[in-house]
Each structure stands twice: as structure tokens, then as C-alpha cells.
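S.K.:
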Amino acid sequence: MSFFIEVVVGGLLAGVMYSLVALGFVLIYKASGVFNFAQGSLVFFAALTFVSLTERGWNFWLALLVTLIAMILVGIAIERTVLRPLVNQPPITLLMATIGLTFVLEGASQLMWGSQPHGLELGIPDVPIEWLSQKWNINISQFDLFGAFVAGVLVAVLALFFQKTRIGRALRAVADDHQAALAVGIPLQHIWAIVWAVAGFVALVAGVMWGVRNGVQYALTFTALKALPVLILGGFESIAGAIVGGLIIGAGEKLAEVYLGPYVGGGIESWFAYVIALLFLLVRPEGLFGEKIIDRV
Amino acid sequence: MLYREAGQFKSTYAADQQIFPILQDRIAMLALLVIAFVVVPLIGNQYWFSAILTPFLVLSLAALGLNILTGYAGQLSLGTAAFMAVGAFMAYNAVLRIPHMPILGAFAIGGLCAAAVGIAFGLPSLRIKGLYLAVATLACQFFVLWAINRIGWLSNYSSSGVITAQRIEILGYPIEHARDKYLLTLAIVALMALAAKNLMRSETGRAFMAIRDMDVAASVIGIPMMKTKLLAFAISSFYCGVAGALYAYCYLGTVEPEAFTLDLSFRVLFMIIIGGVGSILGSFLGAAFITLFPIFLNVVSRAIEATLGIEMSHAVVSNTEAIIFGGLIIFFLIVEPNGLARLWQIAKEKLRLWPFPH
Chain A
1 MSFFIEVVVG GLLAGVMYSL VALGFVLIYK ASGVFNFAQG SLVFFAALTF VSLTERGWNF
61 WLALLVTLIA MILVGIAIER TVLRPLVNQP PITLLMATIG LTFVLEGASQ LMWGSQPHGL
121 ELGIPDVPIE WLSQKWNINI SQFDLFGAFV AGVLVAVLAL FFQKTRIGRA LRAVADDHQA
181 ALAVGIPLQH IWAIVWAVAG FVALVAGVMW GVRNGVQYAL TFTALKALPV LILGGFESIA
241 GAIVGGLIIG AGEKLAEVYL GPYVGGGIES WFAYVIALLF LLVRPEGLFG EKIIDRV
Chain B
1001 MLYREAGQFK STYAADQQIF PILQDRIAML ALLVIAFVVV PLIGNQYWFS AILTPFLVLS
1061 LAALGLNILT GYAGQLSLGT AAFMAVGAFM AYNAVLRIPH MPILGAFAIG GLCAAAVGIA
1121 FGLPSLRIKG LYLAVATLAC QFFVLWAINR IGWLSNYSSS GVITAQRIEI LGYPIEHARD
1181 KYLLTLAIVA LMALAAKNLM RSETGRAFMA IRDMDVAASV IGIPMMKTKL LAFAISSFYC
1241 GVAGALYAYC YLGTVEPEAF TLDLSFRVLF MIIIGGVGSI LGSFLGAAFI TLFPIFLNVV
1301 SRAIEATLGI EMSHAVVSNT EAIIFGGLII FFLIVEPNGL ARLWQIAKEK LRLWPFPH
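Residue numbers (my numbering), protein chains in the order written: chain A, 1 to 297; chain B, 1001 to 1358.
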């Protein structure tokens, strides 16, 4: 039993890490209807910039601040150069543009900082929490718990930002209806730039957390692929969906790996998340929390 | 002046409905085929055949397959490389396990197996739409590669799933030289392109387009949703499967499952976006662009190195190439979202009026 709990909790905490990446996708999709495939590259870019700055002897907070500013600038630049000219194009064109963007971002970050992998350390060791493992024989990583805590704080901050600030309300208005938002005088393009900047901030947080976990290397760009099943499971438009989807995928994936994996030869984590998401989609084609798709002829 | 349809009267329905109703188009197409089948084999060299022309043709076929599904039937798919992998590995197994298997039959078996996989992974499309479907097709991409790596039977229990394509022989004539492989690929691609062009002019093709434009309306006017969508997946995967088999037999020779990663799927998707969604010609133009451009960039970077006399590190060159490639794709999407095929159409319209545009 304790092993089962350990697997489930471990999976849930791993799922939180997926949610961190998925959040960035959701923010941009909600506000501008762009399926931003470049989120994984943004994560990579942020983590690589941050780790390179700290390795050059910069203070932790200063490096974080500079990286944050860089991410905001990148976000604004993307909005200016890529999305603004592509307004009103079909979703697939926008998707392809963001895939083109991944080439640019990955090339640029490796050109600037080199392509060798880096280690990243936050001072929180990736070891089981002692009293838990002693008392109930459950091994839960300290770092995973910290990751969940960071994700919780991030969601709380985002929720506050969306509910209580003027910009946040404008963002929600744009997400609900572009034209109505324009009609009441919300500057659409500023809002998009802000959303991309916020997504850059989320990418920074995700990049640092994933960087500590797996090291800062090119493979970090694949975190986007981990976040995709979370997204379709939760629904593209829902922040709550990103969190709940992450938890379901994380727990399901770990359980399948432990209990199903040995029978089929292991290594199923590359696709099992998609199967879970597909099963949910067959029941609700727009994801658990997505907006209901209504077809009108 | 040269490109004008005035005076070309049609007196039969057949003449009215032919693929190229304008005489100049027919001549141009014939000239193109003659060049591809006769002139190029005479003047081309080993490098051109094996490194440029064959991959271009193979990827055109894959792009054509994806275009049938995405461009005509409107179902976004990111699993192209997986279908190609199925085609390649099943063609290999067909030759390996069935005695006296003719190679073209093996290609067809590869395509049919890919079509079966396509139908299986097309089933969710009955319920899931748009970007959700695109992400769902990623399941196919990852599952197929995993299965090929995991099931030893598929790669004849070779280490790490690498297969080596057998010798190709058609009617006792061995196909070994790069030129012969190019000709074989060209013949298959030309025939399948013709079939695709005709398919899209038929009832089936029109049903695909109706579903793409609005599936609820299509089902209201009596187009069977399930049959048509699954047929689109089947035909598209068949094309991709044959392309995968050609990729293995005529281009790579030795194939590892990692040749068919998500990257390849994206490249094929780029081809149809850059070339033109919903256009047969666009598949070829896009494939030409995506295969030739990296080679072009490489040549340019080497020329820059030679003229400036500096040695750039490999990492710098490849990263710069990635940036330029990505930037150019974005640029293309911005200036011509309908792709190269649209540019060609505009050129033809201009040509009709030339040299008196008023």
C-alpha cells in the first residue's frame, strides 16, 4: 500500500512539472488563439540564459531578473515580428509559424551560450524526505515537493493577476471575445505583447525547475511534448485544466510505468500520456475544462 | 502572348474535363516529364541523384500524402513520419519473409500496412477535431516508433532496430545505380501524383473537400462522415507508407527507427504549408524548397568561409542555419500564407495577360 501511495504521489508531483510548461501554452492560446509550439524552446532559452549567467558568477537574483527582462523582450519581439503580421490566419498557419520560431529560438540560444549541457542547483537536494520515509516508508523527493509548491505559488500569482489587476481583467476580456474587447477600448496588441511576456515568465519558472531536475540541455525543448497531452486533456483554454490535466497525466503515467510497463517491455512513458489523454478526449472532445465546441452550419 | 487559352475550343465533355485543359499546360507538363525521365538521367551525376533528386521525390510523395489528409480532407496530422516508418519496415519484412516477393508488391504491402495503421489512428478523428486531433496524432508518432524499437520481429531482431534494405530487382533487372533508383522513384511518384490529382477531381475528393470546409454541413448533404474521414486517413497513410518504403530502399539503404522522428513529420508539414495546402503542385514545390534550402545554406556558408578565409565552427554554422531556416519559414508564412502554389497561380494569371496587361 505504501508503495502504491508513493507511486501515486510521485506521479502527481511529476505531473505538476508538466503543468508548469502547459500553463505557458494555455496563457497564449487563451488570449490570442495561437497554439504556441515554441513554448518548449522558450523554456530552454530561459533556462540556458539563466544558468549561463549564474555560471559567469552573477548573483542568483540578478541573473533571474536579467533573464526575466530578456524573456519579456523576447515575448514582445515575437508578438511584433511574428504574430502581428499573421493576424487572422488559420490556426495551422500560426502553429507552423511557432514551429519556425522554435528553430530560431533554439539556434539563437545555442549560438549565444553554446550547446554543452549545464547542471543547475537551487540548494534543494533531490532526496527523499526523511521523516516520511522513516514513519510510513514512503519516499517522496524533497525537490518534487518544492516544485509543487512553486507551481502552486505561480498559479496563485497568476490567478491574482487575472482577477484583481486592470491588465489581468483586460486579458480575460480579450480571451473571451477579441472584438468586444476592442470595442470597449482595450488595446489588443499591447495585451498580446503582455501575454507573451507573461508566458516568457512562466517559461522561466518552468525552465529553472526542469533545469534543476534534468540539467539544462537541448533535451529541455522536449518538455513541450510532455505538456501537449496535458493540454488536450485539460483543454487549451483552461488554467485549471492545465493543473488537473498535469496531475492526471503524471499519476496515470507513473502507475502505468510501474504496473503495466513490465508486461510490455517498458519505455512506455513516451506515448502512454497521449493514450490517457485520448481516452478522456473520446468522452469530452474539447478536454475536461475546455470551452464546449458548438458547430453551427 | 504565349500562354493564352483563347481559340482553344472544346467539343467533347472529355476534352472539357481533362486535367490540363490548356494546350500550353499540356506541352509544359510533357516537357517536364521528358526532362525528368530522359534529360536528367543523361546529364545528372551520382551526387545529384542520391543526395538531392531522390530524397526530393520521396519527400514530395510524403507531402502529397499529408496534403490529401490535411489539405483536402482538413484533418491535421503530425504522424506522417510514423506512417512512413510503418511503410519502410513492413516493406522490409515483406521482402524478407515472403519468398520471391516482387519489390513493387513489397512497396504496396508497406503502403497497405501504413493505411491500416492510419485507419486505426484515424478513428479518434471521428470525435476529435482541429488542434486537439493534431496533438492526438502525436500518439501515433510515438507509439509506432516505440513499437518498432520494442518488437524485434519487425527489424528481424537486429540490434537497436536497424534494418538494411535488400537489393532491388525488377523483372530480373537489378536496380543498384543511383540513377536507376532515381528513375524507379520518379516513376512511382509520377504515377501516384497522377492518381492523386484524379482522385481529387472525383466524388471522393469532393467529399474530402466538403468535410474540410465544414463537416456538419457535409454530413447534412449526405456525405458519410466515418467512411470518408477514414478513407482520407487510409489513402494519405498509403501514400506516406510507400514514401517511407522508397525512403528506405532508394534513398537511405540502412534505416534506423530514429530516421522517422517527429522532426521528419514537421518537415513534411512544413513542405505542404510552404508549398500550398490543398494543392498537388504545392506538395512538390514545398518539398523542393525544404530539401534544397538546407543544402543551399550549406553551400553559401562554405562559400563565405572560403572567401573570407575563416574557419567557422560546426556549431556556429548549424545554429545559424537553423535561425535562418526558421526565420525564412516565418517570413514565407507572412508574405504568402497560401504557399508557393499560390504564387504560381498568380504568375499564370499575369502570364495570360502578358504583354498587354490592360
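Note that the Cβ used here is the ideal one computed from N, Cα and C, for glycine as well. Computed from a prediction, not measured in an experiment: that's the story for all the values here.
If you reduce the DSSP assignment to three classes, tell me which class S115/A lands in.
M.R.: Looking up residue 115/A in the first sequence gives position 115. Residue state, collapsed to three classes: coil.
S.K.: What does Y1173/B pair with, by DSSP beta-bridge criteria?
M.R.: Position 173 of the second sequence, counted from the start, is the residue given in the question as residue 1173/B. Y1173/B pairs with I1170/B.
S.K.: Going along chain A, which residues have a C-beta under 8 Å from R1127/B?
M.R.: Locating residue 1127/B in the second sequence gives position 127, where the first residue counts as 1. L281, L282 and P285, listed in chain order.
S.K.: Return the chain-ordered ranges of every alpha helix (DSSP H) run that is complete within the region 199-283 of chain A and spans a minimum of 4 residues.
M.R.: Taking only runs of at least 4 residues, the alpha helix (DSSP H) segments lying wholly in the region 199-283 of chain A are 223-234, 239-255, 261-264 and 272-283.
S.K.: For chain A, is any of its Cβ atoms less than 9 Å away from the one on A1134/B?
M.R.: On the second sequence, residue 1134/B is found 134 positions in, with the first residue counted as 1. A1134/B counts as touching chain A.
S.K.: Drop a sphere of 10 angstroms on the beta-carbon of T1254/B, count the other beta-carbons inside from all chains shown, and report buried for 16 or more, exposed for fewer.
M.R.: Your numbering for residue 1254/B matches position 254 in the second sequence. Looking at its Cβ environment, which holds fewer than 16 other Cβ atoms inside 10 Å, T1254/B is exposed.
S.K.: Shorter than 9 Å from the beta carbon of I1334/B to some beta carbon of chain A?
M.R.: The sequence position of residue 1334/B within the second sequence is 334, counting from 1. With 9 Å as the cut-off, I1334/B counts as an interface residue toward chain A.
S.K.: Kindly list the residues whose CB is nearer than 8 Å to the CB of I1119/B, restricted to its own chain and excluding five residues on each side of it in sequence; keep chain order.
M.R.: Residue 1119/B sits at position 119 when you count from the first residue of the second sequence. Excluding sequence neighbours, I1119/B sits near L1230, F1233, A1234 and S1237.
S.K.: Check the Cβ of W113/A against every Cβ in chain B and list those closer than 8 Å, keeping chain order.
M.R.: Working through the first sequence from its first residue, we reach residue 113/A at position 113. The premise fails here: W113/A is roughly 11 Å from chain B at the closest Cβ pair, so nothing lies under 8 Å.
S.K.: Grab me the residues of A183/A's own chain with a C-beta within less than 7 Å of its C-beta, minus the 5 sequence neighbours each way, in chain order.
M.R.: On the first sequence, position 183 is the one that residue 183/A refers to. So the list is empty, once near-sequence residues are dropped.
S.K.: So, with DSSP's three-state summary, where would you put S1158/B?
M.R.: The residue you call residue 1158/B lines up with position 158 of the second sequence. It is coil, neither helix nor strand.
S.K.: If contact is defined by three or more beta carbon pairs under 8 Å, each pair taking one atom from either stretch, is the region 1293-1300 of chain B in contact with the region 1058-1072 of chain B?
M.R.: Result no; under three Cβ-Cβ pairs closer than 8 Å.
S.K.: Let me know the secondary structure DSSP gives V1255/B once reduced to three states.
M.R.: Your numbering for residue 1255/B matches position 255 in the second sequence. Note: V1255/B maps to strand in three-state DSSP.
S.K.: So that I know if they touch, is there some Cβ in chain B lying closer than 9 Å to that of V200/A?
M.R.: Position 200 of the first sequence, counted from the start, is the residue given in the question as residue 200/A. It is Gly, not Val, that sits at residue 200/A in the sequence shown. By this cut-off, G200/A is not an interface position.
S.K.: Can I99/A and I1329/B be called in contact, C-beta distance under 9 Å?
M.R.: The sequence position of residue 99/A within the first sequence is 99, counting from 1. The sequence position of residue 1329/B within the second sequence is 329, counting from 1. In contact: I99/A and I1329/B (Cβ atoms closer than 9 Å).
S.K.: Where does I1163/B fall in DSSP's three states?
M.R.: Residue numbering aside, residue 1163/B sits at position 163 when the second sequence is read from its first letter. Strand.
S.K.: Using a beta-carbon distance cut-off of less than 7 Å, what residues from the region 1140-1159 of chain B approach chain A?
M.R.: Going along the region 1140-1159 of chain B in chain order, one finds F1142, F1143, W1146 and R1150 with a Cβ nearer than 7 Å to chain A.
S.K.: If we define contact as Cβ-Cβ less than 9 Å, is V1216/B a contact residue for chain A?
M.R.: Within the second sequence, residue 1216/B is the residue found at index 216, counting from 1. Yes, V1216/B counts as interfacial toward chain A.
S.K.: Report the start-end ranges of each alpha helix (DSSP H) in the region 1272-1343 of chain B that is 4 residues or longer and not cut off at the edges.
M.R.: 1280-1308 and 1314-1335, all fully within the region 1272-1343 of chain B.
S.K.: Taking just the CA atoms, how far does A14/A sit from K30/A?
M.R.: If you number the first sequence from 1, residue 30/A lands on position 30. If you number the first sequence from 1, residue 14/A lands on position 14. Rounded to whole angstroms, K30/A to A14/A spans 24 Å at the Cα level.
S.K.: Quick one: grab the DSSP three-state call for S1202/B.
M.R.: Counting from 1 along the second sequence, the entry for residue 1202/B is found at position 202. Here S1202/B sits in coil by DSSP.
S.K.: Would you kindly work out how many angstroms separate the C-alpha atoms of V1095/B and A1081/B, rounded to a whole number?
M.R.: The count along the second sequence starts at 1 and reaches residue 1095/B at position 95. The count along the second sequence starts at 1 and reaches residue 1081/B at position 81. Cα to Cα, V1095/B sits roughly 21 Å from A1081/B.
S.K.: From the DSSP output, in three-state form, read off P1055/B for me.
M.R.: For the purposes of this step, residue 1055/B is taken as the residue at position 55 of the second sequence. Here P1055/B sits in helix by DSSP.
S.K.: Among I1043/B, I1109/B, K1129/B and D1263/B, which has the Cα closest to the Cα of L282/A?
M.R.: Position 282 of the first sequence, counted from the start, is the residue given in the question as residue 282/A. Checked all of I1043/B, I1109/B, K1129/B and D1263/B; the closest Cα to L282/A is K1129/B.
S.K.: Measuring CB to CB, does I1323/B end up less than 9 Å from G107/A?
M.R.: Locating residue 1323/B in the second sequence gives position 323, counting from the first residue. Locating residue 107/A in the first sequence gives position 107, counting from the first residue. Contact flag set, yes.
S.K.: Taking beta-carbon pairs under 8 Å, can you tell me which members of the region 183-210 of chain A lie near chain B?
M.R.: From the region 183-210 of chain A, no residue has a Cβ closer than 8 Å to chain B.
S.K.: On the premise that Y1072/B lies in contact with R1371/B, defined as a C-beta separation below 8 Å, what is that separation, rounded to the nearest angstrom?
M.R.: The requested residue 1371/B is not part of the displayed model; chain B covers only 1001 to 1358.
S.K.: For a minimum of 3 consecutive residues, which ranges assigned as the beta strand (DSSP E) are wholly contained in the region 1099-1139 of chain B?
M.R.: Qualifying beta strand (DSSP E) stretches: none in this window.
S.K.: Just confirm the distance between the C-beta atoms of S32/A and V195/A, as a whole number of angstroms; I'd bet it's less than 8 Å.
M.R.: Position 32 of the first sequence holds residue 32/A. Position 195 of the first sequence holds residue 195/A. Between V195/A and S32/A the Cβ distance is about 6 Å, and since that is below 8 Å, they are a contact.
S.K.: Would you mind sorting T1070/B into buried or exposed? The rule is 16 or more other CB atoms within 10 Å of its CB.
M.R.: Position 70 of the second sequence, counted from the first residue, corresponds to residue 1070/B. With 16 or more Cβ atoms within 10 Å of its Cβ, T1070/B is classed as buried.
S.K.: When you compare the CB of G1276/B with every CB in chain A, is at least one pair closer than 9 Å?
M.R.: Along the second sequence, read from residue 1 onward, the residue named residue 1276/B stands at position 276. Chain A contact via Cβ: absent.
S.K.: Report the neighbours of N1198/B on chain A: residues whose CB is nearer than 7 Å to its CB, in chain order.
M.R.: In the second sequence, counting from the first residue as 1, residue 1198/B sits at position 198. Per Cβ cutoff of 7 Å: no residues; N1198/B is ~26 Å from chain A at best.
S.K.: Does DSSP put A1028/B in a helix, a strand or coil?
M.R.: For the purposes of this step, residue 1028/B is taken as residue 28 along the second sequence, with counting starting at 1. The answer is helix: DSSP assigns A1028/B an H, G or I state.
S.K.: Contact check, L1138/B vs L42/A under 8 Å by CB: the rounded distance?
M.R.: By 1-based counting over the second sequence, the position of residue 1138/B is 138. By 1-based counting over the first sequence, the position of residue 42/A is 42. Between L42/A and L1138/B the Cβ distance is about 19 Å, and since that is not below 8 Å, they are no contact.
S.K.: How is the alpha helix (DSSP H) around L64/A delimited, first residue to last?
M.R.: For the purposes of this step, residue 64/A is taken as the residue at position 64 of the first sequence. Note, L64/A: alpha helix (DSSP H), F60 to I78.
S.K.: If you draw a straight line from the alpha carbon of V26/A to that of D1180/B, how long is it in whole angstroms?
M.R.: In the first sequence, counting from the first residue as 1, residue 26/A sits at position 26. In the second sequence, counting from the first residue as 1, residue 1180/B sits at position 180. Near 51 Å, if we compare the C-alpha coordinates of D1180/B and V26/A.
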